[in-house]
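Enquirer: Input: one structure, supplied below.
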Amino acid sequence: MASQNAEPVAETTPQESSSAAVAPASVVSGDSGEACSEKVFSSIGHMTRKLHDTLRELGYDKSLEKVAEGLIPDARDRLNYIAAMTEQAAERALSATEAAQPLQEKLESGASALAGKWDRMFGNQMSVDEFKQLVSDTRSYLHEVPAHTQATNTQLMEIMMAQDFQDLTGQVIKKIIELAQQVEAQLLQLLIDSTPAEKRGEVDAGLLNGPVVNADGRSDVVTNQQQVDDLLESLGF
């Protein structure tokens, strides 16, 4: 009798059972991906905070801020200044050369023409009237020479004065080099201070002292680029 009152059970096809199994799996997979992304985001945030706090405790936050906000823009401005001064000097030199070149060409052509005529005169190939004209032309040429040479000297002086940019840009380049050395020293010191204990044993003790401003006579500090390369290599960089 119990079997007669029992409700019929709906049959489930293989496709339906497969779909029922897949749906929860996709939901679980989506939840897992979101959880993983949140975990990565949280880890990056903690790492960033830890790095920031460490830099602040070591006093490097102000140094890096100074480099980013002051020194690097200043170096960029200095390099732009060097480029502008170099371009200006080149333009001055080219302009002076273009102005002096026609003067020299005129002197050369005049001298060559007179030389040919004087050769004819010494070869007895010139009449009296031609000789008189030659003397007149030579006199006119000699009067023109001082004016041309003076104008040429003026342009040569302009070329020489255009080279004064080297003194100014040389000083600027020296300051930029000093800036680069300071930044390198600060970054290297930061790397040394943050070196894990397990790696310190692999590094030469002298190199761990870092760079100094005046390293003359000292062998226990980083003093040249080769030692900087050795230190970075020993730290795995």
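Under this note's numbering, think of the first position of the sequence shown as 49, with each following residue one higher.
Yeah, the Cβ is synthetic: ideal placement off N, Cα and C, and Gly gets one too.
All values reported here derive from a predicted model rather than from experimental measurement.
1. Give me the Cα-Cα distance between Gln229 and Leu235, rounded to the nearest whole angstrom.
2. In the DSSP assignment, the alpha helix (DSSP H) including Asn172 goes from what residue to what residue?
3. Any idea if Ala132 is buried or exposed, counting beta-carbon neighbours within 10 angstroms, 16 or more meaning buried?
4. On a CA-only basis, which of Phe213, Leu162, Lys87 and Val231 is nearest Glu178? Give me that one, please.
5. Suppose the cutoff is 7 Å on Cβ atoms and the five residues either side in sequence are ignored; what does the same chain contact list for Arg168 look like?
6. Please give the ranges of any alpha helix (DSSP H) in the region 181-241, keeping only runs that are unbroken, at least 4 residues long and fully inside the region.
7. What does a CB cutoff of less than 6 Å around Gln203 pick up in its chain, not counting 5 residues either side in sequence?
8. Mapping DSSP to helix, strand and coil, what is Glu135?
9. Assign Phe213 to one of two classes, buried (16 or more other C-beta atoms within 10 Å of its C-beta) or exposed (fewer than that).
10. From Thr200 to Leu155, what distance separates their C-alpha atoms?
11. Could you give the distance in angstroms between the alpha-carbon of Gln181 and the alpha-carbon of Gln211?
12. Cα-Cα, which of Pro121, Trp166 and Leu151 is closest to Val193?
13. Anyone know if the C-beta pair for Ile224 and Ala123 falls short of 8 Å?
14. Can you check which of these residues, Ile130, Gln237 and Glu86, is closest to Ile221 by C-alpha distance?
15. Would you grab the beta carbon distance between Ile207 and Ala141 for me? Rounded to a whole angstrom, and I think it's under 8 Å.
16. Compare the beta carbon distance of Thr134 and Thr217 with 8 Å and say whether it is the shorter of the two.
17. Using 8 Å as the limit for Cβ to Cβ distance, is Leu151 near chain B?
18. Using C-beta distances below 7 Å, list every residue in its chain close to Tyr189, excluding the 5 sequence neighbours before and after it, in chain order.
Expert: Inspection of the coordinates gives the following:
1. Each residue's Cα considered, the two are about 10 Å apart.
2. First-last for Asn172: undefined, no H or E at that position.
3. Answer is exposed; the Cβ neighbour count stays below 16.
4. Selected option, being the one with the closest Cα: Leu162.
5. Only Met174 meet the Cβ criterion.
6. Fully enclosed alpha helix (DSSP H) runs of 4 or longer: 213-241.
7. So the list reads Ala144, Ala147 and Ala148, once near-sequence residues are dropped.
8. Residue state, collapsed to three classes: helix.
9. Answer is buried; the Cβ neighbour count reaches 16.
10. Those two C-alpha atoms are separated by around 11 Å.
11. Those two C-alpha atoms are separated by around 45 Å.
12. Answer by Cα proximity: Leu151.
13. Yes, the pair counts as a contact, with Cβ atoms nearer than the cut-off.
14. Closest by C-alpha distance to Ile221, out of Ile130, Gln237 and Glu86, is Ile130.
15. At roughly 5 Å, the Cβ-Cβ gap stays under 8 Å, so Ile207 and Ala141 are in contact.
16. It is a contact, given that the beta carbons lie within the stated cut-off.
17. Looking for chain B here will not work: only one protein chain is present.
18. Counting only Cβ-Cβ distances below 7 Å, and skipping sequence neighbours, we find Gly158 and Leu162.
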